[in-house]
Amino acid sequence: MSNTNIFHENVTEECAVLVALETGEHLDSIEVRLDELTELASTANIRVIERFDQRKRNPDPAFLIGHGKADELYILVAELEPTVVIFDNELSPTQQRNLEITLKCRVMDRTQLILDIFAQRARTREGNLQVELAQLTYSLPRVGLLYTKFERQQGGIGVRGGGGESKVSLDKRKIREQIAELKNELEEVKKTRRQQRVARRKLPFPSAALVGYTSAGKSTLLNLLSGSDVLADKMLFSTLDPTTRRVILPDGRGILLTDTVGFIRNLPHDLVAAFRATLEETIEADFLIHMVDISSPEADRHRDTVLETLEALGARDKPILTVFNKSDLVEDSLALRHLVASTPNSCYISAAKSQGLTHLMDRISETIKELVQTMLVAIPYGRSELVAQCHEFGVVHSVDYGPDHILVRTDVAHALAGKLLEFQIV
Numbered sequence: 488m489s490n491t492n493i494f495h496e497n498v499t500e501e502c503a504v505l506v507a508l509e510t511g512e513h514l515d516s517i518e519v520r521l522d523e524l525t526e527l528a529s530t531a532n533i534r535v536i537e538r539f540d541q542r543k544r545n546p547d548p549a550f551l552i553g554h555g556k557a558d559e560l561y562i563l564v565a566e567l568e569p570t571v572v573i574f575d576n577e578l579s580p581t582q583q584r585n586l587e588i589t590l591k592c593r594v595m596d597r598t599q600l601i602l603d604i605f606a607q608r609a610r611t612r613e614g615n616l617q618v619e620l621a622q623l624t625y626s627l628p629r630v631g632l633l634y635t636k637f638e639r640q641q642g643g644i645g646v647r648g649g650g651g652e653s654k655v656s657l658d659k660r661k662i663r664e665q666i667a668e669l670k671n672e673l674e675e676v677k678k679t680r681r682q683q684r685v686a687r688r689k690l691p692f693p694s695a696a697l698v699g700y701t702s703a704g705k706s707t708l709l710n711l712l713s714g715s716d717v718l719a720d721k722m723l724f725s726t727l728d729p730t731t732r733r734v735i736l737p738d739g740r741g742i743l744l745t746d747t748v749g750f751i752r753n754l755p756h757d758l759v760a761a762f763r764a765t766l767e768e769t770i771e772a773d774f775l776i777h778m779v780d781i782s783s784p785e786a787d788r789h790r791d792t793v794l795e796t797l798e799a800l801g802a803r804d805k806p807i808l809t810v811f812n813k814s815d816l817v818e819d820s821l822a823l824r825h826l827v828a829s830t831p832n833s834c835y836i837s838a839a840k841s842q843g844l845t846h847l848m849d850r851i852s853e854t855i856k857e858l859v860q861t862m863l864v865a866i867p868y869g870r871s872e873l874v875a876q877c878h879e880f881g882v883v884h885s886v887d888y889g890p891d892h893i894l895v896r897t898d899v900a901h902a903l904a905g906k907l908l909e910f911q912i913v
């Protein structure tokens, strides 16, 4: 009898019961949180079969939702038989252990789910290193969940130190060693990325970073403006690795535009730490283009989340151009125009339908005017390549050819301004 498909019948679809605890005053937010958790689960290819919520003043230290609610959840889990129960709240190792024992089912929290999504989406060596570091950092305090206090010790008679090293201690030591190795590898990656930034800074272009809540349309806009083909889909976190492209504005000016990883509410600290080198692209940019999905009912909260994350990264004080995307999905156009009028340096567009791009380009041009320098320079004929660079990398207002030099009035970025400084006419 052939056993070619012996494992086929055991392959089951991942399905989940979602759980959220609300301890604040805004009781309606629990549905919003469960909606986002549903989207995260879908991104991880997990089908949601039920949602379960609890409202209480304080989280229970042993079960998060309380012992009684945990028993109630057990009845639901026993009936539906999900492969996993996913909590929107972050679980302590003790809470996770107690819940798995009570529910007799695998339990994970939102942080672990996001880490799993990042692991699925990572494509480059840097991305994989960052995700692995975050996963190991997350798992370290949870290693003890796999064992009991009766776990057999490693070692034996005659081994120095008595009973030897416990399995938990041994595994924790191995994880710490792996974390140290990954940090060393990422430090090398960070050096490489720093060198790339230095090389880009030598280019006479202002630089901008696309930032925004996940799935706000950043990659779609980058593709539209640059003609590139960066992955852009409706799934959360379609972009993990930053991508930089040159974009030419209608006035001939050029900018370097970088797409970055999307932010999300309560982005796991371990993930922020691991992706620090990637997120630093926002710190190094001359200005930020903040994409907002204005069609989302949670647009205001998404904006606040992004601004809070930028604050944590030390990039909050940079010039910000706010772009309200997906305007074609907004019914109240009057309210949208009022929002733009009341938001400094903003515009609305539909990147998917290529609408509103003229206004966006105008806003970008106005923003980079603050980042360029107007100069009147007398360039010797022996350095005429600088005139060509003014045309290619800046905006030339006038050119006069004299007997000894070329008189040029131009707007250029600071990198090129440094080259022209010795020829500047004060």
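If you read the sequence shown in the working numbering, its first letter stands for residue 488, the second for the next number, and so on. Backbone N, C-alpha and C define an ideal beta-carbon position, used for all residues, glycine too.
By the neighbour-count definition (other C-beta atoms within 10 Å, threshold 16), A822 is an exposed residue. Approximately 7 angstroms separates the beta-carbon atoms of A528 and L505; this is inside 8 angstroms, confirming the contact.
Nearest in C-alpha terms to E857, of all of D558, D773, A902, is D773. DSSP places F811 in the strand class (E or B) of the three-state scheme. Distance from the CA of I552 to the CA of E587, rounded to the nearest whole angstrom, comes to 13 angstroms. Contact between the region 872-887 and the region 798-815 is absent: fewer than three C-beta pairs spanning the two stretches fall below 8 angstroms.
Selection Q911, C834, L808, G881 evaluated against P693 yields G881 as nearest (Cα-Cα). Under the criterion of beta carbons closer than 8 angstroms, T730 and L709 qualify as touching, at roughly 7 angstroms.
Nearest to Q599 by alpha-carbon distance, out of R663, R542, R612, V618, is V618. E613 and L673 have their C-alpha atoms roughly 7 angstroms apart. Contact between the region 817-831 and the region 737-751 is absent, with fewer than three C-beta pairs closer than 8 angstroms.
Secondary structure remark: continuous alpha helix (DSSP H) runs of at least 4 residues inside the region 752-788, in chain order: 756-761, 763-771. Rounded to the nearest whole angstrom, the CA to CA distance from R733 to L602 is 31 angstroms.
Collapsing the DSSP output to three states places D804 in coil. In this structure N576 is not in contact with A549, their Cβ atoms being roughly 14 angstroms apart against a cut-off of 8 angstroms. Secondary structure of T730 (DSSP, three-state): strand. In the displayed model, G905 falls within a helix according to three-state DSSP. Boundaries around L602 are those of the alpha helix (DSSP H), 597-608, since no beta strand (DSSP E) includes it. With a contact defined as Cβ atoms closer than 8 angstroms, T707 and A839 qualify at about 6 angstroms. Excluding sequence positions up to five before and after R597, its CB lies within less than 6 angstroms of the CB of D575, all in the same chain and listed in chain order. The DSSP-derived three-state label of V618 is helix. Closest in C-alpha terms to T861, from the list C877, D849, Y868, comes C877. Under the DSSP assignment, S579 falls outside any alpha helix (DSSP H); it carries neither an H nor an E label. Residues of the same chain with a CB within less than 7 angstroms of the CB of D658, apart from the 5 flanking positions on each side, are V630 in chain order. Residue state for T861 is assigned as strand, using DSSP reduced to three classes.
In the three-state reduction of the DSSP assignment, L551 falls in the strand class. The three-state reading of DSSP puts V535 in strand, counting E and B together.
Residue range 694-699 is occupied by the beta strand (DSSP E) that includes S694. Rounded to whole angstroms, the gap between the alpha carbons of S626 and V655 is 12 angstroms. The Cβ atoms of A865 and H901 lie no closer than 7 angstroms to each other.
Taking the CA atoms as reference points, H825 sits about 44 angstroms from Q911. Of all alpha-carbon atoms in T624, A606, L567, A557, the one lying nearest the alpha-carbon of Q582 is that of A557.
I573 is the residue among I573, R520, N615 whose C-alpha sits nearest the C-alpha of I536.
Annotated three-state conformation of D558 is helix, per DSSP.
If you look at T530, you'll find it in the alpha helix (DSSP H) that goes 516-530.
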